[in-house]
Amino acid sequence: MRRVLSVVVVALVLGLAFAEAARIAFFGGYAEPQGADTGFIAHLESLGHTVTYHMPVSAGGEAQVDLANANDLVIISESIGSLNVSSGAGGTFHLQDIATSVISFEAFMYDEALWTGWNNMVDFGTSARSNSPAGIESLSDTIYIADPSHQMAAGKTGAVVAYTTPYSACFGMVGSGATVVATIDEAGQYPATFVYPKGALLVDGVTVTPGKRIGLFIGQGGYGSIPDPPGELQFSYISDDGLALFDAAVNYALPIPGDVNRDCIVNILDLISIRGRMGQSVDSGDNWKADVNNDSKINILDLIAVRNKLNTRCQ
Ligand SMILES: [Ca+2]
Ligand SMILES: [Ca+2]
49 MRRVLSVVVV ALVLGLAFAE AARIAFFGGY AEPQGADTGF IAHLESLGHT
99 VTYHMPVSAG GEAQVDLANA NDLVIISESI GSLNVSSGAG GTFHLQDIAT
149 SVISFEAFMY DEALWTGWNN MVDFGTSARS NSPAGIESLS DTIYIADPSH
199 QMAAGKTGAV VAYTTPYSAC FGMVGSGATV VATIDEAGQY PATFVYPKGA
249 LLVDGVTVTP GKRIGLFIGQ GGYGSIPDPP GELQFSYISD DGLALFDAAV
299 NYALPIPGDV NRDCIVNILD LISIRGRMGQ SVDSGDNWKA DVNNDSKINI
349 LDLIAVRNKL NTRCQ
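Be aware that the sequence shown starts at 49, since it is given in our numbering, and climbs by one per residue.
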């Protein structure tokens, strides 16, 4: 009896400690992570997430779809080439029909993804380049919260110093289906962090997104334009508040912990889903979704992790 009790106590502790862990596919532009990408990945791993790194240009479209389906979240870094995740200029975003959430801070893929219109540096782009729109041509360390009530605002309001050094930020002139959470400029003209929630109409007014599509403010180097951001993005350029905004976007993008069947509520159906897969391999089908505490087993610890989250809902 004492042994059973101690197992339950340990399980409760583990269930609480690891219930937030998730599987994240990180897309970058090099064969191995470089620069800021290394920092973002290490940071996500320090939070308990399992991160796999991929270079989408070599993975190809079908592999990108498979990766999205095998993970809780896809993060697309500014280090990719903007056309690495679509069928080409003016083409289709490979992850268009995927229910998995996508976060991107590569503004130059927003057009193919139908998050914005098609005009470079008008509908989408980055600040602090010589051809950036009027009002956001200058380097800045600050972005402005447009919707403090949103989870991605991380509880912040007004001006937020998101960088440790003045840098560029992404913007996307999103459609009415999107919620704008932060803007580059104080007047609120240039959305920097935004989301098309699951089920929202994308900018074409026709396409419905089957999963969350999030543009994040984090910018990139200016390729010699004037004024020129201080070189390629470094993880150290992101301030503590900037990192809090990154974390808030990741947490908002992820399925809520314990929501095995991804219906936005943790309830008896999720417990039943785990019961039916106890002892099975997490490598089979979508069994990994039942491994709530991310320890590569489906067992009582996952049931406890779900029980601890019963009745929680998505925002
Ligand atoms: Ca559920
Ligand atoms: Ca488990």
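Here a beta-carbon is modelled for each residue, glycine too, at the ideal position from N, C-alpha and C.
Small disclaimer: the values here were computed from a predicted structure and weren't measured.
Could you check if residue i is buried or exposed, using at least 16 other CB atoms within 10 Å of its CB as the buried criterion?
i, result
"residue 184", "buried"
"residue 332", "exposed"
"residue 358", "exposed"
"residue 144", "buried"
"residue 259", "buried"
"residue 274", "With a pLDDT of only 48 at residue 274, under the threshold of 50, the placement of this residue in the model should not be trusted, and no figure is reported."
"residue 154", "buried"
"residue 93", "exposed"
"residue 363", "exposed"
Quick one: does the C-beta of residue i sit closer than 8 Å to a heavy atom of ligand 2?
i, result
"residue 339", "yes"
"residue 329", "no"
"residue 89", "no"
"residue 332", "no"
"residue 357", "no"
"residue 168", "no"
"residue 321", "no"
"residue 23", "Look at the range of the chain in this structure, 49 to 363, and you will see that residue 23 is not part of it."
Below 8 Å on the Cβ atoms is my contact criterion, and I expect residue i with residue j to pass it. Report the Cβ-Cβ distance as a whole number of Å.
i, j, result
"residue 202", "residue 228", "Between residue 228 and residue 202 the Cβ distance is about 15 Å, and since that is not below 8 Å, they are no contact."
"residue 151", "residue 123", "5 Å"
"residue 128", "residue 76", "6 Å"
"residue 266", "residue 110", "Actually they do not touch by this definition, with Cβ atoms about 28 Å apart."
"residue 200", "residue 300", "5 Å"
"residue 205", "residue 196", "4 Å"
"residue 117", "residue 148", "7 Å"
"residue 349", "residue 342", "Contact doesn't hold; Cβ gap of about 10 Å is too wide."
"residue 230", "residue 240", "5 Å"
"residue 210", "residue 277", "Contact doesn't hold; Cβ gap of about 13 Å is too wide."
Quick one: is the Cβ of residue i within less than 8 Å of any heavy atom of ligand 1?
i, result
"residue 318", "yes"
"residue 310", "yes"
"residue 313", "yes"
"residue 120", "no"
"residue 307", "yes"
Self-check item: Residue ranges of each beta strand (DSSP E) within the segment 92-132, 3 or longer
Solution: 98-102 and 121-124
Exercise. Could you pull out every unbroken beta strand (DSSP E) segment of at least 3 residues lying fully inside the segment 209-244, listed in chain order?
Key: 218-220, 227-231 and 239-244
Exercise. Examine the Cβ distances between the segment 313-331 and the segment 236-246 and report whether three or more of them are shorter than 8 Å.
Key: no
Quiz prompt | Cβ contact check for the segment 279-287 and the segment 85-93: 3 or more pairs under 8 Å | solution = yes
Quiz item: Within the chosen definition, does the segment 305-319 reach the segment 335-342 through at least 3 CB pairs nearer than 8 Å?
Solution: yes
Self-check item: Ordered list of beta strand (DSSP E) runs contained in the segment 153-210, each at least 3 residues
Solution: 172-174, 190-193 and 207-209
Quiz item: If you scan the segment 279-333 from start to end, which runs of the alpha helix (DSSP H) of 4 or more residues do you find wholly inside it?
Solution: 288-301 and 316-323
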